[in-house]
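**Q** This is the structure I have questions about; it appears just below.
Numbering (our numbering), first residue to last: 50 to 373.
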């Protein structure tokens, strides 16, 4: 869907993007990750047509974005910025309606879509008449997200969308956002310097350093098979938490003891995408680290009775296998 071909961009004598090529499939969620100054935002802005490459090409659905009218590009792309970018003289409703109005949607259809998004993003309808300066940071960013999604574009570009928020607000909005149908069925390209956020939100991570794409792959690939010393070092401080957060109970299933469990455990539900981190939190929250949880495989229906030590042993076996 999005093709970045040998793109180079310099500003004067400074190289911002150095011969980057990247393929992004329809429906894929790609996170551009890297330290400050690595070129993440420059690359995102080039995909959005806001910066022109010095050389190379960017194509969406096989069409070069430089040859497409801006209004056509805006119809295909929703854009969420790092900080509050709402029009200060527009109400919340008017801000969300900007792109549908430009596309000449019927007023009723626009109003319906706005109210659907307000509900999904946990914003009361009474906020529709509020001005941006009457909103908290978290509320304003929810409105920003609603505005980007209002015209239902197939592509969503996000530039550090949660970084200006406090930790608790960032976590809650991120969780809400991940549950949105609109997020799950779109092609998403997001910039972040937050490694944990990248691993939570990205199907694929593109790690940049000094304008170069140093590794592209699934989170597990970067963690267990780093391309070079930079990748290994960049992830090293967060290694354990990242590993626990992306390892699902389904990944551990064959390493867990075969003793049958039952539905009497306090975590008695299909494991699905439940992570090892979630399971560990369940033990801690219940203050039952010496006892067990009952887990059911979502496909086979098999139950297993698992202790904390069972989980840790299975995790070590998986780690050893991944390093081979």
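Yeah, the Cβ is synthetic: ideal placement off N, Cα and C, and Gly gets one too.
Between which two residues does the beta strand (DSSP E) harbouring residue 22 extend?
**A** Nothing can be reported for residue 22, as the shown portion of the chain is limited to 50 through 373.
**Q** What whole-angstrom Cβ distance do residue 251 and residue 78 have, given they're in contact under 8 Å?
**A** Along the chain shown, read from residue 1 onward, the residue named residue 251 stands at position 202. Along the chain shown, read from residue 1 onward, the residue named residue 78 stands at position 29. Indeed, because the Cβ distance is near 6 Å, the residues count as touching under 8 Å.
**Q** Three or more C-beta pairs closer than 8 Å, one from the region 101-121 and one from the region 187-202: is that the case here?
**A** no
**Q** Can you tell me where the beta strand (DSSP E) holding residue 245 begins and where it ends?
**A** Taking the first residue of the chain shown as 1, we reach residue 245 at position 196. Per DSSP, residue 245 belongs to no beta strand (DSSP E); it is in the alpha helix (DSSP H), 244-250.
**Q** Below 8 Å, can you find three or more Cβ-Cβ pairs linking the region 356-368 to the region 287-303?
**A** yes
**Q** So, does the CB of residue 72 fall closer than 8 Å to a CB anywhere in chain C?
**A** The structure shown contains no chain C; it is built from a single protein chain.
**Q** Between residue 204 and the rest of its own chain, which residues show a CB-CB distance below 6 Å, the 5 nearest in sequence each way excluded?
**A** Reading the chain shown from its first residue, position 155 is the one you call residue 204. Answer for residue 204: 125, 126, 236, listed in chain order.
**Q** Using alpha carbons as the reference points, say which of 210, 167, 226 lies closest to residue 146.
**A** Counting from one through the chain shown, the residue named residue 146 turns up at place 97. It is 167.
**Q** In three-state terms, what does DSSP make of residue 306?
**A** What you label residue 306 is simply residue 257 of the chain shown in a count that begins at 1. Here residue 306 sits in coil by DSSP.
**Q** Using a Cβ-Cβ cut-off of 8 Å (strictly less than) and excluding sequence neighbours within five positions of residue 100, which residues of its own chain qualify?
**A** Here residue 100 refers to the residue found at position 51 of the chain shown. Within the same chain, residue 100 has close Cβ partners 58, 91, 94.
**Q** Tell me whether residue 272 is buried or exposed, calling it buried when 16 or more other Cβ atoms sit within 10 Å of its Cβ.
**A** If you number the chain shown from 1, residue 272 lands on position 223. By the neighbour-count rule (16 or more Cβ atoms within 10 Å), residue 272 is buried.
**Q** Give me the residue from 153, 73, 60 with the minimum Cα distance to residue 50.
**A** The residue you call residue 50 lines up with position 1 of the chain shown. Looking at the Cα atoms, 73 is the closest of the given residues.
**Q** Indicate whether residue 82 and residue 256 have their beta-carbon atoms separated by less than 8 Å.
**A** Locating residue 82 in the chain shown gives position 33, counting from the first residue. Locating residue 256 in the chain shown gives position 207, counting from the first residue. Contact flag set, yes.
**Q** With DSSP as the reference, identify every bridge partner of residue 58, one or two as the case may be.
**A** What you label residue 58 is simply residue 9 of the chain shown in a count that begins at 1. According to DSSP, residue 58 bridges with 66.
**Q** Can you tell me which of the three DSSP states residue 352 falls into?
**A** As a position in the chain shown, residue 352 is number 303, starting the count at 1. If DSSP states are grouped into helix, strand and coil, residue 352 belongs with the strands.
**Q** Enumerate in chain order the residues of its own chain whose CB-to-CB distance from residue 359 is below 7 Å, with the five nearest sequence positions on each side excluded.
**A** Counting from 1 along the chain shown, the entry for residue 359 is found at position 310. These residues qualify, in order along the chain: 305, 306.
**Q** Classify residue 175 as buried or exposed, calling it buried when 16 or more other Cβ atoms lie within 10 Å of its own Cβ.
**A** Taking the first residue of the chain shown as position 1, residue 175 is located at position 126. Flag for residue 175 reads exposed.
**Q** Specify whether the region 144-161 and the region 206-214 touch according to this definition: at least 3 beta carbon pairs, one from each stretch, less than 8 Å apart.
**A** The count of Cβ pairs closer than 8 Å, one atom from the region 144-161 and one from the region 206-214, stays below three, leaving the stretches out of contact.
**Q** I need the straight-line Cα distance from residue 87 to residue 225, nearest angstrom please.
**A** The residue you call residue 87 lines up with position 38 of the chain shown. The residue you call residue 225 lines up with position 176 of the chain shown. Rounded to the nearest angstrom, the two C-alpha atoms are 29 Å apart.
**Q** Return helix, strand or coil for residue 112, following the three-state DSSP convention.
**A** Numbered from its first residue, the chain shown carries residue 112 at position 63. If DSSP states are grouped into helix, strand and coil, residue 112 belongs with the strands.
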